[in-house]
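Peer 1: If you scroll down you'll find the structure; I have some questions about it.
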Amino acid sequence: MSVQRLKLQTILWVFIFGIFIAPAQSVRIGKTQISGVETGNWPDFQVLLNIENVKDTPISALKNWKFDLNWGAQTCSVLNAENPEAWLNQPSQVIMIVDNSTSMSGKTGFVEQAYKIFIDGVRKHTEVSIIRFQKPDATEAWGAEFIVQTSNSQYFMKDQNLFSSMTSRTFLYDATYQALSFIDNFIENGQKSVVVLSDGLDVGSSVSYSQLVQRATDMNIPLYFIDFSNRRDRNDKAKDLSSDTYGFYAASSNPKELTDIYFQILTQINNQVIIDAKYPVSGSAIPPNAELSINISDENGSVSAKREIAISAERGEALRFQNNLSEPQQITAFAANAAPYRGIYRDDNWFNLGVAAIREGNWDAAETAINSLKNSGDVFAAERAKLLNIERAEAQEDPQLNTFYADYYRDHRQGVFVDKLLWKLILWHIDKKDDAAADKWITVLRSEYPWSKYCDDAMMYLAGKQRTEKNYADAEKLYLDIKLFYDRSDQYGQSLLKLSDMYLEIGEYETAENFLLSVENQFDELAEGGALYQNLALSQYLQKKYLEAARTVDRFSQRLPESSELAHSKMLQGSIYATNLNQPDVGKDIFAGLFSDESLDETIRNEAKEKYDQLNFTGDIDALGELAMKQPEDPLLQKLMLENGWT
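This is the structure in structure tokens:
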């Protein structure tokens, strides 16, 4: 071989080898914006960050990020800096406000398109609510109504008829204020966003623009406005409000431009992460008005972001009031003093007082708070009075608690907690063994609120009951309906598992196998993934598909190596190789690996050791001699004698 050819070959091998060993290109930290701040648990707070390429960054790289966070002159600690899974996977709440005024008549197609894009596009662990306009009346003094509250069912969300009723006026401020008040008072910490789909200026709201601005800027969460109006009708106030809340405003009547806008907003919402932080306890009793700044760095560089935090005097007073409610002796004094109960946070203060009074068993103070809310007439006031009444009845274990739940449903058919309280009513009847009443209210829940995140819980209860009564076809339909309609629900994985359990229970092994194979690609995303793999291997084993069962356990090992169910499936796999595939050495290796794994449960390890010893003794003359030396009560000896018919 010539020297020149050898050099060329060497260069080629170095090039090829370099392709395979070259480290992956580092992902630089993307452009960062502080999109929101949650201060409800001060001095603990949360920072919502929009980081451009965070979803494309490997977890291993995210763990190297360093955070420097300052609130004014105070250095704040970041509590979850080393746990990127926590700040990537926080729960998310998106409220969509739909303008159903008559001026939208020619634009409803645009709105429905936007709405469905958002429903399909939001990330996992996102709950979506919908508010639309309604004409105020004597019982509801504001021009907005919930038609869906905190749903995780894509199917039923997209099935909504947003324009089943139209209003003559554009109650934009009322609806936006209602969304903010709902988030502020009823949604726990997590990512929060409001998306407004409208076509122009507010007309007829009872909430003023200044009240809306105060609530929005106090809350520090982003508002996203999509304006469908013509250029001359553009809503400059909405534009200002979205800017003040670090949100987004876009206006167009061009469908192509609008589609791009929808995806741009979706990207911003889905790229948000939440950093848990703590303000120095010695610093301030309430969040001070100051600049919030953050610097994120790694070995490739750093990015910075900042925003001004300005909280109104009323908000500060409300937060100070809420902090003082932790002292029981203050509750009676506050109930007698109306001073904190003014401005836009008046009802919030009464509600928080009622919650604290019920917690401490101060029934007089609770009654004062409930009556004050009944007489308010403000957004959610009547509902909150009812909610406090229910909370008090629960605390007192009122024997007529079911009537409180039923009264709320009767008076607030579109209430913010109507589906949750219906589910509580159902559970109350189940606890009382009143199946007929429970079934009646389940029918109400499923027919009137099919989008509810409690429907799948109710269906799981019904399916379990049908299965117990051996009505397997009815149980199967309920489980499959959960799979079809509630694929983002917390019962989705359980529905797959319980259905496969049922198929195995009634001897439908092939049906179980085919069903589980059809959803196997989801196993590593589900908490029940290990149990589902276990059922899949078992269904194949029971059909004498021994090689397929063994291979299923191999896939289980590769995809879910940390699963607590894996050891049980490996036990089955070891038995298959030793007994059914005539490969005892492979079986012995599997059992040896199990009993030498000190992280496993002692019962599993002992069973694996017993199987391993059994394989060593079987067919081995010396081993049989050793067996003869064992005591008659030895468990392994007894097991082998029973299995082989020895006496």
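Under the numbering used here, the first residue of the sequence shown is numbered 598, with each subsequent residue one higher.
Using N, Cα and C, we set each Cβ at its ideal position, and we do this for glycine too.
I'd like the list of long-range same chain contacts for E1045, defined as Cβ closer than 8 Å, with 5 residues on each side in sequence excluded.
Peer 2: For the purposes of this step, residue 1045 is identified with residue 448 of the sequence shown, where counting begins at 1. Excluding sequence neighbours, E1045 sits near R1010.
Peer 1: Work out the CA separation of K1141 and F1214 for me, nearest whole Å.
Peer 2: Here residue 1214 refers to the residue found at position 617 when the sequence shown is read from its first residue. Here residue 1141 refers to the residue found at position 544 when the sequence shown is read from its first residue. Approximately 26 Å between the Cα atoms of the pair.
Peer 1: Spell out the partners DSSP gives F845 in its beta bridges.
Peer 2: As a first step, residue 845 is located in the sequence shown; it is residue number 248 there, counting from the start. Note: F845 sits in a beta bridge opposite Y821.
Peer 1: Should the stretch 673–691 be called in touch with the stretch 906–915, which here means at least 3 C-beta pairs below 8 Å?
Peer 2: no
Peer 1: Can you look up K1095 in the DSSP assignment and give me helix, strand or coil?
Peer 2: The residue given as residue 1095 occupies position 498 in the sequence shown. In the structure shown, K1095 sits in a helix (DSSP, three-state: H, G or I).
Peer 1: Specify, as a first and last residue, the run of the beta strand (DSSP E) that W668 falls within.
Peer 2: Indexing the sequence shown from 1 puts residue 668 at position 71. Counting along the chain, W668 sits inside the beta strand (DSSP E) bounded by residues K663 to W668.
Peer 1: Tell me whether R1007 sits in a helix, a strand or coil according to DSSP, three-state version.
Peer 2: Translated into the one-based positions of the sequence shown, residue 1007 becomes position 410. In this structure, R1007 counts as helix in the three-state DSSP scheme.
Peer 1: L1169 and A1134: beta carbons closer than 8 Å?
Peer 2: Within the sequence shown, numbered from 1, the residue matching residue 1169 stands at position 572. Within the sequence shown, numbered from 1, the residue matching residue 1134 stands at position 537. Going by C-beta atoms, L1169 is nearer than 8 Å to A1134.
Peer 1: Considering Cα atoms alone, identify which of Q811, S840 and R956 is closest to L819.
Peer 2: Locating residue 819 in the sequence shown gives position 222, counting from the first residue. Contrary to the premise, residue 819 reads as Pro rather than Leu in this sequence. Of Q811, S840 and R956, the residue nearest in Cα terms is S840.
Peer 1: Can you tell me whether DSSP reads A776 as helix, strand or coil?
Peer 2: As a working mapping, residue 776 is identified with position 179 in the sequence shown. The answer is helix: DSSP assigns A776 an H, G or I state.
Peer 1: Under 8 Å: do the stretch 1138–1158 and the stretch 1173–1189 share three or more Cβ pairs, one atom per stretch?
Peer 2: By the C-beta criterion, the stretch 1138–1158 is judged to be in contact with the stretch 1173–1189, since at least 3 inter-stretch pairs fall below 8 Å.
Peer 1: Out of M816, V810 and Y859, which one is the CA nearest neighbour of K836?
Peer 2: As a working note, residue 836 is residue 239 in the sequence shown. Closest by alpha carbon: V810.
Peer 1: Are L1101 and S1049 touching if we call contact CB-CB under 8 Å?
Peer 2: By 1-based counting over the sequence shown, the position of residue 1101 is 504. By 1-based counting over the sequence shown, the position of residue 1049 is 452. No, these two residues do not count as a Cβ contact at 8 Å.
Peer 1: Measure from the alpha carbon of E635 to the alpha carbon of each residue in D815, I626, F779 and K732, then state which is nearest.
Peer 2: Position 38 of the sequence shown, counting from 1, holds the residue named residue 635. That would be D815, whose Cα lies nearest to the Cα of E635.
Peer 1: Tell me I871's beta-bridge partners as DSSP assigns them.
Peer 2: What you label residue 871 is simply residue 274 of the sequence shown in a count that begins at 1. Beta-bridge pairing links I871 to L645.
Peer 1: Run the CB neighbour count on I728, radius 10 Å, all protein chains shown included, and call it buried at 16 or more, exposed below.
Peer 2: As a first step, residue 728 is located in the sequence shown; it is residue number 131 there, counting from the start. Buried, by the Cβ-count rule.
Peer 1: Going by CA-CA distance only, name the one from K704, E1125, L1139 and F1120 that's closest to E1105.
Peer 2: What you label residue 1105 is simply residue 508 of the sequence shown in a count that begins at 1. Answer by Cα proximity: L1139.
Peer 1: Apart from the five residues on each side of it in sequence, which residues of its chain come closer than 7 Å, Cβ to Cβ, to G1171?
Peer 2: The residue given as residue 1171 occupies position 574 in the sequence shown. Cβ within range, chain order: G1184, I1187, F1188 and K1208.
Peer 1: So N832 packs on L798, CB below 8 Å; how close in whole Å?
Peer 2: Working through the sequence shown from its first residue, we reach residue 832 at position 235. Working through the sequence shown from its first residue, we reach residue 798 at position 201. The pair is a contact, with the Cβ atoms about 5 Å apart (cut-off 8 Å).
Peer 1: In the DSSP assignment, what residue or residues form a beta bridge with I692?
Peer 2: The residue labelled residue 692 in the question sits at position 95 within the sequence shown. Residue pairing by DSSP puts I692 in a beta bridge opposite S726 and V791.
Peer 1: Is it buried or exposed for I1039, if we count other Cβ within 10 angstroms and need 16 for buried?
Peer 2: Indexing the sequence shown from 1 puts residue 1039 at position 442. That one is buried.
Peer 1: Consult DSSP for F1001 and reduce its assignment to one of helix, strand or coil.
Peer 2: As a position in the sequence shown, residue 1001 is number 404, starting the count at 1. Here F1001 sits in helix by DSSP.
Peer 1: For I716, report the span of its alpha helix (DSSP H) as first-last.
Peer 2: Sequence index remark: in the sequence shown, residue 716 carries index 119 (1-based). Note, I716: alpha helix (DSSP H), T705 to G718.
Peer 1: Mind the definition here: the stretch 681–690 touches the stretch 643–663 only if three or more C-beta pairs lie below 8 Å; say whether that holds.
Peer 2: With the cut-off at 8 Å, the stretch 681–690 and the stretch 643–663 touch.
Peer 1: Which residue comes first and which comes last in the alpha helix (DSSP H) that contains A1134?
Peer 2: If you number the sequence shown from 1, residue 1134 lands on position 537. From DSSP, the alpha helix (DSSP H) with A1134 extends over G1126 to L1139.
Peer 1: Kindly list the residues whose CB is nearer than 6 Å to the CB of V800, restricted to its own chain and excluding five residues on each side of it in sequence; keep chain order.
Peer 2: To locate residue 800, count along the sequence shown from 1; it is residue 203. R766 and T767, listed in sequence order.
Peer 1: Report the three-state DSSP secondary structure of G1222 (helix, strand or coil).
Peer 2: Here residue 1222 refers to the residue found at position 625 of the sequence shown. Bear in mind that a pLDDT of 46 at G1222, under 50, signals an unreliable position, so the model cannot answer this.
Peer 1: Beta strand (DSSP E) containing D895: first to last residue?
Peer 2: One-based indexing of the sequence shown puts residue 895 at position 298. Its beta strand (DSSP E) spans residues A887 to D895.
Peer 1: To the nearest angstrom, how far is the alpha carbon of F730 from that of N897?
Peer 2: Looking up residue 730 in the sequence shown gives position 133. Looking up residue 897 in the sequence shown gives position 300. Approximately 49 Å between the Cα atoms of the pair.
Peer 1: Is Y1130 closer than 8 Å to T1108 when the C-beta atoms are compared?
Peer 2: Counting from one through the sequence shown, the residue named residue 1108 turns up at place 511. Counting from one through the sequence shown, the residue named residue 1130 turns up at place 533. Going by C-beta atoms, T1108 is not nearer than 8 Å to Y1130.
Peer 1: Measure the beta-carbon distance from Y1069 to I1103 and round it to whole angstroms, keeping in mind my assumption that it falls under 8 Å.
Peer 2: Walking along the sequence shown from the start, residue 1069 turns up at place 472. Walking along the sequence shown from the start, residue 1103 turns up at place 506. Indeed, because the Cβ distance is near 6 Å, the residues count as touching under 8 Å.
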